[in-house]
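Protein chains: 2
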Amino acid sequence: MTTILVVDDDPAIVRTLAINLRARDHRVQVAHDGRTALQVLTEETPDLVLLDLGLPDLDGVSVLRRLRGFSTVPVIVLSARHSSDDKVEALDLGANDYVTKPFGVEELMARIRAALRQSPAGTLTEGRVVTTATLRLDLGEHAAELNGAPVHLTPTEWRMVDTLTRRPGALVRQGDLLREVWGPSYDKESNYLRVFMAQLRRKLEVEPSRPRHFLTEPGVGHRFVP
Amino acid sequence: MTTILVVDDDPAIVRTLAINLRARDHRVQVAHDGRTALQVLTEETPDLVLLDLGLPDLDGVSVLRRLRGFSTVPVIVLSARHSSDDKVEALDLGANDYVTKPFGVEELMARIRAALRQSPAGTLTEGRVVTTATLRLDLGEHAAELNGAPVHLTPTEWRMVDTLTRRPGALVRQGDLLREVWGPSYDKESNYLRVFMAQLRRKLEVEPSRPRHFLTEPGVGHRFVP
DNA sequence: GGCCAGCGTCAAGATGACGTCAAGACCTGT
DNA sequence: ACAGGTCTTGACGTCATCTTGACGCTGGCC
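Quick mapping for you: the protein sequence lines, in order, are chains A and B.
Using full-length UniProt numbering, read the first sequence as starting at 1 and increasing by one per residue.
Using full-length UniProt numbering, read the second sequence as starting at 1 and increasing by one per residue.
Shown next, in the form of structure tokens:
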């Protein structure tokens, strides 16, 4: 049983979606504006988000940008805007799919199934936990410990940890890391990597100047070794 | 760099897609019918498939069904059929996205980015791995081992290893090697070869003075023998 | 035996990438 | 409006890597 968060200010649409989703055995959560949506997302961990772009308070796009700051939950954008630019923007901000209103319910349900199917076996719900001799990183709970002492990581730092630890020991190229963490257009800003790798080492390495987990492969990329 | 397989029988569409994909640094493979597409997929491992539904031989839907039998590669369906049933069918058969023709190129490119982003990071890397009795060279991961002990190679050394091991046992001429590693204008700087061949042997040969893998063919070039 | 061309070796200097720091911009909640 | 935390941006020292040149060795040829 999966949980789906519906973010839309139109009660009629919300009702239609809720009925259809419940009929297909999903749990449904509702937020009528962007602020509430973000609030819900920090407290709950739905398996998918249906996000309307036309919200009363925040722009749907900002909601998307912000939620991608701390979550990799699959997002399907619903929007009345048909323009190519809007679609490109939303997709590049991290939306998994973009459906224009009015939409066929059956199609949307199929797209939801598709998105859930692809979602890498639990990015949120099944909290990934990485542990080493000195470290404990709970990706789901956003909790980090160094030698038992809790450490606070910022959203960007979490995103870096997330992509670096996805395949332990594997090399992540600079461009890939930048795109994953900051977005598609940032693939040349290697400054950021220097700053944030230093930050991660300061917070997560016993001896920041002699890193054992967060390593640099000069000219190529970075890797996390357990 | 990712490889994308375009399956479509319309040469005009294939050409448009190929141009746009190459401009965005993708390698492009083409299949004009379903049979060829399935054939290619058993031999190569593209990172994403663009699949037209209207093919001359097999129905695109059957292609999709069959390829899902042995592959989890992301598939974006392109189709002139707008009906909801068609979309639902394709999506439920395992398509990751469904785009109706005519489509905006920018939108499609954004959807490709979105699909690649979601695909588990591991599936993308085409890791060539070269092994001998004493050596292990993982070109994708930039990891090298000599008798089980990890060895660190610099970027230039990796480029040399890359070109030398591309065709094991084959002779690579000095000029070709220099051009591949340092650039087109360096084809006379055979100094570099001397310096870096020595470096490679020091790091990757059990007995650097009696090389068994990285050999020199005086006056002609170099070769890697497994 | 002596000469030459090409290869192997070495080390010093130049270069560029990385690590570090701090000031300012930005955003958020009070 | 303010205070706290976070992200961005630029400058700078440091280090690994690359470049460059000098020298010794070897094998072929006269």
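For every residue, glycine included, the Cβ atom is placed at its ideal position computed from N, Cα and C.
Secondary structure of Val225 of chain B (DSSP, three-state): coil. Per DSSP, Leu116 of chain A is one residue of the alpha helix (DSSP H) stretching across Val105 to Gln118.
Taking a Cβ-Cβ cut-off of 7 Å, the neighbours of Val88 of chain B in chain A comprise Glu106, Glu107 and Ala110, given in sequence order. The Cβ-Cβ distance between Asp92 of chain B and Arg113 of chain A falls below 9 Å. Proximity to Leu193 of chain B across B:Leu215, B:Met109 and B:Asp47 peaks at B:Leu215, based on C-alpha coordinates.
Scanning its chain for C-beta atoms nearer than 8 Å, with the 5 sequence neighbours on each side dropped, one finds around Glu44 of chain A the residues Thr3, Leu5 and Gln29, in chain order.
Put simply, the CB of Gln174 of chain B is far from chain A, with every gap to its CB atoms at 9 Å or more.
Interface residue (Cβ-Cβ distance to chain A less than 9 Å): Gly94 of chain B is classified as such. Listed along chain B are Gly104, Glu106 and Glu107, each with a C-beta nearer than 8 Å to that of Ser84 of chain A. Look at Asp33 of chain A here: in three-state DSSP terms it is coil, with no helix or strand label. The bridge partners DSSP lists for Pro11 of chain B come to none.
Put simply, the segment 167-174 of chain A touches the segment 210-226 of chain A. At least three CB pairs are less than 8 Å apart. Excluding five sequence positions before and after Val75 of chain B, the CB atoms of its chain that fall closer than 6 Å to its own CB belong to Val49, Leu51, Ala95 and Asn96, given in chain order.
Taking the Cα positions, Thr100 of chain A is about 33 Å away from Leu41 of chain B.
Between Leu139 of chain A and Leu204 of chain A, the C-beta spacing is not below 9 Å. Listed by position along chain A, the residues whose Cβ is nearer than 7 Å to that of Glu141 of chain B are Ala170 and Leu171. About 15 Å separates the CB atoms of Gly69 of chain B and Gly60 of chain B; that is not less than 8 Å, and the two are not in contact.
In this chain, the alpha helix (DSSP H) harbouring Ser62 of chain A covers Gly60 to Leu67. The continuous stretches of beta strand (DSSP E) do not include Val206 of chain A, and DSSP gives it neither H nor E.
Look at the UniProt domain "OmpR/PhoB-type" (127-226) of chain B and you find these whole runs of beta strand (DSSP E), each 3 residues long or longer: 129-131, 135-138, 143-146, 149-151, 171-173, 214-217 and 221-224. Comparing alpha carbon positions, the residue from A:Ala115, A:Val14, A:Asp57 and A:Leu21 closest to Arg35 of chain A is A:Asp57.
For Ser79 of chain B, the enclosing beta strand (DSSP E) stretches over residues Val75 to Ser79. For the C-beta of Gly219 of chain A, the chain B residues within less than 7 Å are, from N- to C-terminus, Pro155. For Leu48 of chain A, the enclosing beta strand (DSSP E) begins and ends at Leu48 to Asp52.
Contact between Val181 of chain B and Arg212 of chain B does not hold, since their C-beta atoms are separated by about 22 Å, which reaches or exceeds 8 Å. About 38 Å separates the beta carbons of Pro150 of chain A and Pro155 of chain B, which is beyond the 8 Å limit, so they are not a contact pair.
Close CB contacts of Gln199 of chain B within its chain, under the 7 Å cut and outside five residues either way in sequence, are with Glu157 (chain order).
Under the DSSP assignment, Asp85 of chain A falls in the alpha helix (DSSP H) whose first and last residues are Ser84 to Asp92. By the C-beta density criterion, Glu89 of chain B is buried, having at least 16 other C-beta atoms within 10 angstroms.
The continuous beta strand (DSSP E) containing Thr100 of chain A extends over residues Asp97 to Thr100.
Apart from sequence neighbours up to five positions away, the residues of its chain that approach Ala80 of chain A with a beta-carbon distance below 8 Å are Leu53, Gly54, Thr100 and Lys101, ordered along the chain. Taking 9 Å as the threshold, the shortest C-beta distance from Glu43 of chain A to chain B does not fall below it. For the segment 177-199 of chain A, the beta-carbon criterion of a distance under 7 Å to any beta-carbon of chain B is satisfied by Pro184. Looking at the DSSP output, Arg27 of chain A sits in a beta bridge with A:Thr3. The C-beta of Lys188 of chain B has fewer than 16 other C-beta atoms within 10 Å across all chains shown, which makes the residue exposed. Contact annotation, Leu17 of chain A with Leu38 of chain A: C-beta distance approximately 19 Å; criterion of less than 8 Å not satisfied.
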